[in-house]
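Trainee: Residue numbers (the working numbering), protein chains in the order written: chain U, 266 to 636; chain W, 10 to 340.
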Amino acid sequence: MSYTAATVQLLSPEGTIVESDASAEYLPLIEALSDEQLREFHRQMVVIRKFDNEATNLQRQGQLGLWVPSLGQEAAQVGSAYASKPQDHIFPAYREHAIARIRGVDPLNIIKLLRGTTHGGWNPAEHNNFHLYTLVIGSHTLHATGVAMAMTLDGTTGTGHPETDGAVLTYFGDGATSQGDVSEAFVFAASYQAPVLFFLQNNHWAISVPVATQSRTPLYLRSEGFGIPGIQIDGNDVLASYAVTFANLETIRAGGGPRLIEALTYRMGAHTSSDDPTKYRLDSDVEYWRQRDPISRFETYLRSRGEGDAFFADLEVEAADFAEDIRKRTLTLETPPTGKIFDHVYSEPHPVIDSQKQWLADYEASFGGDA
Amino acid sequence: MSTESTGTETMPMAKALNAGLRKAMQDDAKVLLMGEDIGPLGGVFRVTEGLQAEFGAQRVMDTPLAESGIIGTAIGLAMGGYRPVCEIQFDGFIFPGFDQITTQLAKLTNRHEGQLQLPVVIRVPYGGHIGAVEHHQESPEAYFAHTPGLRLVSPSTPHDAYWMIQEAIASNDPVMFFEPKSRYWPKGEVDFTSSGAPLHSTRVIREGSEITLLGHGAMVSVLLQAAEIAAEEGTSIEVIDIRSLSPIDYAPIIASVQKTGRLVVASEAPGFVSVSSEIAATVTERAFYSLEAPVLRVTGFDAPFPPAKLETVYLPDADRVLEAVDRALAY
Chain U
266 MSYTAATVQL
276 LSPEGTIVES
286 DASAEYLPLI
296 EALSDEQLRE
306 FHRQMVVIRK
316 FDNEATNLQR
326 QGQLGLWVPS
336 LGQEAAQVGS
346 AYASKPQDHI
356 FPAYREHAIA
366 RIRGVDPLNI
376 IKLLRGTTHG
386 GWNPAEHNNF
396 HLYTLVIGSH
406 TLHATGVAMA
416 MTLDGTTGTG
426 HPETDGAVLT
436 YFGDGATSQG
446 DVSEAFVFAA
456 SYQAPVLFFL
466 QNNHWAISVP
476 VATQSRTPLY
486 LRSEGFGIPG
496 IQIDGNDVLA
506 SYAVTFANLE
516 TIRAGGGPRL
526 IEALTYRMGA
536 HTSSDDPTKY
546 RLDSDVEYWR
556 QRDPISRFET
566 YLRSRGEGDA
576 FFADLEVEAA
586 DFAEDIRKRT
596 LTLETPPTGK
606 IFDHVYSEPH
616 PVIDSQKQWL
626 ADYEASFGGD
636 A
Chain W
10 MSTESTGTET
20 MPMAKALNAG
30 LRKAMQDDAK
40 VLLMGEDIGP
50 LGGVFRVTEG
60 LQAEFGAQRV
70 MDTPLAESGI
80 IGTAIGLAMG
90 GYRPVCEIQF
100 DGFIFPGFDQ
110 ITTQLAKLTN
120 RHEGQLQLPV
130 VIRVPYGGHI
140 GAVEHHQESP
150 EAYFAHTPGL
160 RLVSPSTPHD
170 AYWMIQEAIA
180 SNDPVMFFEP
190 KSRYWPKGEV
200 DFTSSGAPLH
210 STRVIREGSE
220 ITLLGHGAMV
230 SVLLQAAEIA
240 AEEGTSIEVI
250 DIRSLSPIDY
260 APIIASVQKT
270 GRLVVASEAP
280 GFVSVSSEIA
290 ATVTERAFYS
300 LEAPVLRVTG
310 FDAPFPPAKL
320 ETVYLPDADR
330 VLEAVDRALA
340 Y
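(1) Could you spell out where the beta strand (DSSP E) holding V130 (chain W) opens and where it closes?
(2) I'd like the list of long-range same chain contacts for G520 (chain U), defined as Cβ closer than 6 Å, with 5 residues on each side in sequence excluded.
(3) Taking the alpha carbon of E589 (chain U) as the reference point, which residue from U:E319, U:R308 and U:L294 has its own alpha carbon closest?
(4) With a cut-off of 8 Å, does the C-beta of T321 (chain W) fall near any C-beta of chain U?
(5) May I ask you to list the residues that DSSP assigns as paired with Y436 (chain U)?
(6) Assign W470 (chain U) to one of three DSSP states: helix, strand, or coil.
(7) If we count the other Cβ atoms within 10 Å of its Cβ and call it buried at 16 or more, is H209 (chain W) buried or exposed?
(8) Where does K377 (chain U) land, buried or exposed, given buried means 16+ other C-beta within 10 angstroms?
(9) Output the distance between the C-alpha atoms of L598 (chain U) and L117 (chain W), rounded to the nearest integer angstrom.
(10) Determine the burial state of L222 (chain W): buried for a count of at least 16 other Cβ atoms within 10 Å of its Cβ, exposed for fewer.
(11) Can you tell me the Cα-Cα spacing of L525 (chain U) and V273 (chain U), whole angstroms?
(12) Quick check on S77 (chain W) - is its C-beta less than 8 Å from some C-beta in chain U?
(13) Please look up how many angstroms separate the CB atoms of R295 (chain W) and I263 (chain W), rounded, as I've assumed it's under 8 Å.
(14) Among all the DSSP beta bridges, which residues are the ones paired with F201 (chain W)?
(15) For Y298 (chain W), return the contacting residues in chain U, with the cut-off set at a CB-CB distance below 7 Å.
(16) Run through the DSSP bridge pairs and tell me what V292 (chain W) is partnered with.
(17) Can you pull the chain U neighbours of M185 (chain W), defined as C-beta to C-beta under 9 Å?
(18) How many whole angstroms separate the CB atoms of G528 (chain U) and I498 (chain U), which I take to be in contact at a CB cut-off of 8 Å?
(19) Once the 5 residues before and after D446 (chain U) are set aside, which same chain residues still bring their CB inside 7 Å of it?
(20) For G140 (chain W) and T435 (chain U), I'd like the C-alpha separation in whole angstroms.
(21) Quick one: which chain W residues come within Cβ less than 7 Å of D452 (chain U)?
(22) Does the structure place the segment 71-79 of chain W close enough to the segment 94-103 of chain W that three or more beta carbon pairs sit under 8 Å?
(23) Could you work out which residue in U:R308, U:A363, U:K350 and U:S345 is closest to V333 (chain U) when comparing CA atoms only?
(24) Counting contacts by CB-CB distance shorter than 8 Å, is D108 (chain W) in contact with chain U?
(25) Measuring only between beta-carbons, confirm whether T57 (chain W) sits less than 8 Å from chain U.
(26) Are any of the Cβ atoms in chain W nearer than 8 Å to that of N388 (chain U)?
(27) Please state if the CB of L514 (chain U) and the CB of A432 (chain U) are separated by a distance shorter than 8 Å.
(28) Within the 8 Å Cβ cut-off, does I251 (chain W) reach chain U?
(29) Using the three-state DSSP reduction, which class does R306 (chain W) fall into: helix, strand or coil?
(30) Ordered along the chain, which non-local residues of its own chain (more than five positions away) have a Cβ less than 7 Å from that of V69 (chain W)?
(31) Which chain U residues sit within Cβ distance under 8 Å of N27 (chain W)?
(32) If you follow the alpha helix (DSSP H) that A348 (chain U) is in, where does it begin and where does it stop?
(33) So, helix, strand or coil for Q61 (chain W), using DSSP?
(34) What residues in its chain sit with their C-beta under 8 Å from that of G604 (chain U), if we drop five residues either side in the sequence?
(35) Which of helix, strand or coil does DSSP assign to D353 (chain U)?
(36) For H121 (chain W), return the contacting residues in chain U, with the cut-off set at a CB-CB distance below 8 Å.
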């Protein structure tokens with residue numbers, strides 16, 4: 266599944282602005298962006314790619330139990346994340362590292378999850394409502410819908426004040442569209458006209474299963490049957506990702522009901538570090554998408570606008586420093602105290618938890634020394 | 010129901026639950042009800058009758074027919090500061106929501122390292138004795154008791170139903186609220202002035218000296234019936250209503266066994282890997298030297314709940330309980 270006539274693209278793979286009927290609606294949103302905002306898009310994409318590469322290395326070196334690469338999906342994530350507002354809630358799947366960083370989560374917290382020192386890593390309430398990663402595919406789309414329903418009940422959306430009206434943005438993949446929970450999320454969102462944007466990153470693979478096994482029709486059409494308008498964009502075009510997400514979020518904020526964006530992108534790396542894509546896909550497919558890389562086309566675009574070598578050179582240094590800092594801090598992450606097993610299983614006291622925690626402490630103490 | 014919630018009144022459990030839900034909704038504007046057919050119809054058991062008319066469709070939501078969707082959006086609503094009370098229509102229909110309950114609802118507080126509370130109540134009408142078709146008479150509580158992060162309770166009387174539903178809603182942890190549907194209609198006295206016991210507490214409801222019978226939900230009335238019959242034959246039986254299945258308040262159970270030396274645990278649920286098994290094992294560990302006989306279990310058979318014409322054979326009755334009593338007393 267590649268680009269079609271319906272795919273909204275603002276920046277071509279060659280790095281030039283696309284003037285078309287489909288793009289005309291969105292180009293003014295791009296023209297309104299400052300040079301600094303455009304540089305920021307690029308900066309985030311480059312830094313997170315370097316981070317992702319570093320994390321992949323850390324996993325190979327035995328420092329992480331697993332890594333989930335975001336390689337190739339930077340534009341879909343960075344553009345849409347910058348289209349959100351502070352009052353919005355974001356429910357990621359588990360590959361949305363760029364969005365996490367943009368919403369204020371230190372990516373080291375993602376590392377913690379995959380190093381095995383936490384199941385969470387951050388408090389969404391203190392990180393611009395960027396919620397925790399959810400590993401059960403598609404489950405979080407219902408939580409996102411519920412939070413959106415709560416906004417409606419609270420009257421914090423659809424009031425005609427776009428600066429304060431809220432929306433919920435949830436990310437999931439092509440594989441997730443086959444999960445019942447995603448269909449149920451569509452049903453509930455449509456029934457209650459919940460202010461939620463379903464952002465589908467179609468990276469073409471659910472581990473080893475191609476998108477054609479999930480759906481024989483383009484996925485942006487899937488939600489139409491539920492009464493949720495869908496639109497397909499070039500997910501490797503950070504400008505389309507930003508502008509189309511921005512426009513849809515504004516519609517949702519204004520009380521327009523749920524929407525779906527299908528961002529066509531490609532998982533350039535493995536599903537996770539445990540995967541072996543050479544067993545199920547062709548190098549030529551990967552090469553096809555390498556030609557449509559989100560970062561190189563945006564660099565071409567920025568250079569065409571007059572951005573000089575210095576910016577790109579400085580950014581390389583910044584990204585390398587960031588990755589190095591992550592590496593250093595990863596190596597200092599320690600195994601949590603054993604009592605953590607029992608912490609926060611419940612939010613109120615629970616006799617079984619309390620007695621087992623005490624038992625473990627006594628057991629460890631029985632060996633003497635510092636347990 | 011027009012009754013003021015003061016003093017005492019005799020009413021069926023379904024009405025007591027309705028009154029308890031109403032009280033909870035009056036006390037806290039964040040309490041929401043959601044489920045299938047709970048609005049104008051008042052639920053298939055009429056537990057929510059009149060509540061949508063009183064509180065509006067935003068607080069008493071007729072949901073789409075999707076259990077995972079109900080639980081999953083309830084989680085989101087709780088994240089948004091609400092206290093959703095979900096009605097699952099029948100015990101056997103909870104399984105489409107099983108994933109959201111066990112992988113999300115039960116674990117999210119832990120995943121958030123205590124920075125998120127999920128005050129979600131899931132009401133589950135459960136158990137047999139109503140002559141219904143497949144999936145409508147089951148007792149699935151063990152699946153949930155096995156899951157850390159959930160609390161499970163089950164009232165056996167209208168009084169407990171009135172209070173326990175309010176206490177469950179007030180809990181900041183997820184609570185599975187199992188309602189014994191065969192007990193929806195028999196009337197009992199509700200004291201609106203005091204619950205008489207904390208949510209997670211076991212209650213001795215009949216004093217006796219020779220053997221202890223223990224159960225929850227609809228089984229409690231069977232145990233009382235068995236105790237009555239045994240008393241006529243000169244055997245003194247103590248009856249315990251555990252009320253809370255997770256956590257279980259063991260102190261009154263151990264105290265009772267230390268007194269009587271014998272315990273029979275009864276449930277409608279199949280016995281294999283059950284709450285009954287758990288209690289039998291724990292009592293054996295904690296009261297071994299007090300026991301004069303092995304802890305015996307009287308449970309539903311380890312077979313699918315049968316067609317309704319066979320339910321009275323499948324479900325433990327007073328005779329089957331007394332058969333176990335006789336075996337225990339024979340040691």
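Backbone N, C-alpha and C define an ideal beta-carbon position, used for all residues, glycine too. All figures in this text were calculated on a predicted structure; none of them were measured in a lab.
Mentor: In short:
(1) Here residue 130 (chain W) corresponds to residue number 121 of the second sequence, with the count starting at 1. From DSSP, the beta strand (DSSP E) with V130 (chain W) extends over V130 to Y135.
(2) For the purposes of this step, residue 520 (chain U) is taken as the residue at position 255 of the first sequence. Around G520 (chain U): G423.
(3) Within the first sequence, numbered from 1, the residue matching residue 589 (chain U) stands at position 324. The candidate whose alpha carbon is nearest that of E589 (chain U) is U:E319.
(4) As a working note, residue 321 (chain W) is residue 312 in the second sequence. Using a CB distance cut-off of 8 Å, T321 (chain W) does not count as an interface residue toward chain U.
(5) Mapped onto the first sequence, residue 436 (chain U) falls at position 171. For Y436 (chain U), which the question treats as bridged, DSSP gives the partners U:F464.
(6) The count along the first sequence starts at 1 and reaches residue 470 (chain U) at position 205. Three-state result, W470 (chain U): strand.
(7) Looking up residue 209 (chain W) in the second sequence gives position 200. With 16 or more other CB atoms across the displayed protein chains lying within 10 angstroms of its CB, H209 (chain W) is buried.
(8) As a working mapping, residue 377 (chain U) is identified with position 112 in the first sequence. K377 (chain U) should be labelled buried.
(9) Along the first sequence, one-based indexing puts residue 598 (chain U) at 333. Along the second sequence, one-based indexing puts residue 117 (chain W) at 108. Distance between the alpha carbons of L598 (chain U) and L117 (chain W): 23 Å.
(10) For the purposes of this step, residue 222 (chain W) is identified with residue 213 of the second sequence, where counting begins at 1. Counting Cβ neighbours within 10 Å, L222 (chain W) comes out buried, since at least 16 surround it.
(11) Indexing the first sequence from 1 puts residue 525 (chain U) at position 260. Indexing the first sequence from 1 puts residue 273 (chain U) at position 8. The alpha-carbon of L525 (chain U) is positioned some 13 Å away from that of V273 (chain U).
(12) Here residue 77 (chain W) refers to the residue found at position 68 of the second sequence. S77 (chain W) counts as touching chain U.
(13) In the second sequence, counting from the first residue as 1, residue 295 (chain W) sits at position 286. In the second sequence, counting from the first residue as 1, residue 263 (chain W) sits at position 254. I263 (chain W) and R295 (chain W) do touch by the CB rule: their CB atoms are close to 5 Å apart, below 8 Å.
(14) Taking the second sequence and counting its residues from 1, one reaches residue 201 (chain W) at position 192. For F201 (chain W), no pairing in a beta bridge is given by DSSP.
(15) The residue you call residue 298 (chain W) lines up with position 289 of the second sequence. Neighbours of Y298 (chain W) on chain U: none; closest Cβ ~20 Å, over 7 Å.
(16) Against the second sequence, residue 292 (chain W) aligns to sequence position 283. DSSP links V292 (chain W) through a beta bridge to no other residue.
(17) Taking the first residue of the second sequence as 1, we reach residue 185 (chain W) at position 176. Within 9 Å Cβ-Cβ: nothing; M185 (chain W) doesn't reach chain U, min ~13 Å.
(18) Locating residue 528 (chain U) in the first sequence gives position 263, where the first residue counts as 1. Locating residue 498 (chain U) in the first sequence gives position 233, where the first residue counts as 1. Per the sequence shown, residue 528 (chain U) should be read as Ala rather than Gly. Taking the Cβ atoms as the reference, A528 (chain U) lies roughly 5 Å from I498 (chain U), within the contact range of under 8 Å.
(19) Sequence index remark: in the first sequence, residue 446 (chain U) carries index 181 (1-based). Close CB contacts of D446 (chain U) within its chain, under the 7 Å cut and outside five residues either way in sequence, are with G403, S404, T406 and L407 (chain order).
(20) Here residue 140 (chain W) is taken as the residue at index 131 of the second sequence, counted from 1. Here residue 435 (chain U) is taken as the residue at index 170 of the first sequence, counted from 1. Roughly 44 Å between the two C-alpha positions.
(21) For the purposes of this step, residue 452 (chain U) is taken as residue 187 along the first sequence, with counting starting at 1. Correcting the residue identity first, residue 452 (chain U) is Val in this sequence and not Asp. Result: P73, A75 and G78.
(22) Short answer: they touch.
(23) Position 68 of the first sequence, counted from the first residue, corresponds to residue 333 (chain U). For the set U:R308, U:A363, U:K350 and U:S345, the Cα lying nearest the Cα of V333 (chain U) is the one of U:A363.
(24) Position 99 of the second sequence, counted from the start, is the residue given in the question as residue 108 (chain W). At least one chain U Cβ lies under 8 Å of D108 (chain W).
(25) Position 48 of the second sequence holds residue 57 (chain W). Output row for T57 (chain W): interface = no.
(26) Indexing the first sequence from 1 puts residue 388 (chain U) at position 123. Closer than 8 Å: yes.
(27) As a first step, residue 432 (chain U) must be located in the first sequence, where it is residue number 167. As a first step, residue 514 (chain U) must be located in the first sequence, where it is residue number 249. Yes; because the gap between Cβ atoms is below 8 Å, this pair is in contact.
(28) Counted from its first residue, the second sequence places residue 251 (chain W) at position 242. I251 (chain W) does not count as touching chain U.
(29) Position 297 of the second sequence, counting from 1, holds the residue named residue 306 (chain W). In the structure shown, R306 (chain W) sits in a strand (DSSP, three-state: E or B).
(30) By 1-based counting over the second sequence, the position of residue 69 (chain W) is 60. Result list for V69 (chain W): L42, I47, G48, T57, L60 and Q61, in chain order.
(31) As a working note, residue 27 (chain W) is residue 18 in the second sequence. Under the 8 Å cutoff, chain U gives no residues; its nearest Cβ is about 23 Å from N27 (chain W).
(32) As a working mapping, residue 348 (chain U) is identified with position 83 in the first sequence. E339 to A348 is the extent of the alpha helix (DSSP H) around A348 (chain U).
(33) Reading the second sequence from its first residue, position 52 is the one you call residue 61 (chain W). Three-state DSSP puts Q61 (chain W) in a helix.
(34) Sequence index remark: in the first sequence, residue 604 (chain U) carries index 339 (1-based). Cβ neighbours of G604 (chain U) within its own chain (closer than 8 Å, five residues either side excluded): K622, L625 and A626.
(35) Position 88 of the first sequence, counting from 1, holds the residue named residue 353 (chain U). It is coil, neither helix nor strand.
(36) The residue given as residue 121 (chain W) occupies position 112 in the second sequence. Scanning chain U for C-beta atoms nearer than 8 Å to the C-beta of H121 (chain W) yields G385, N388, P389, L397 and H609, reported in chain order.
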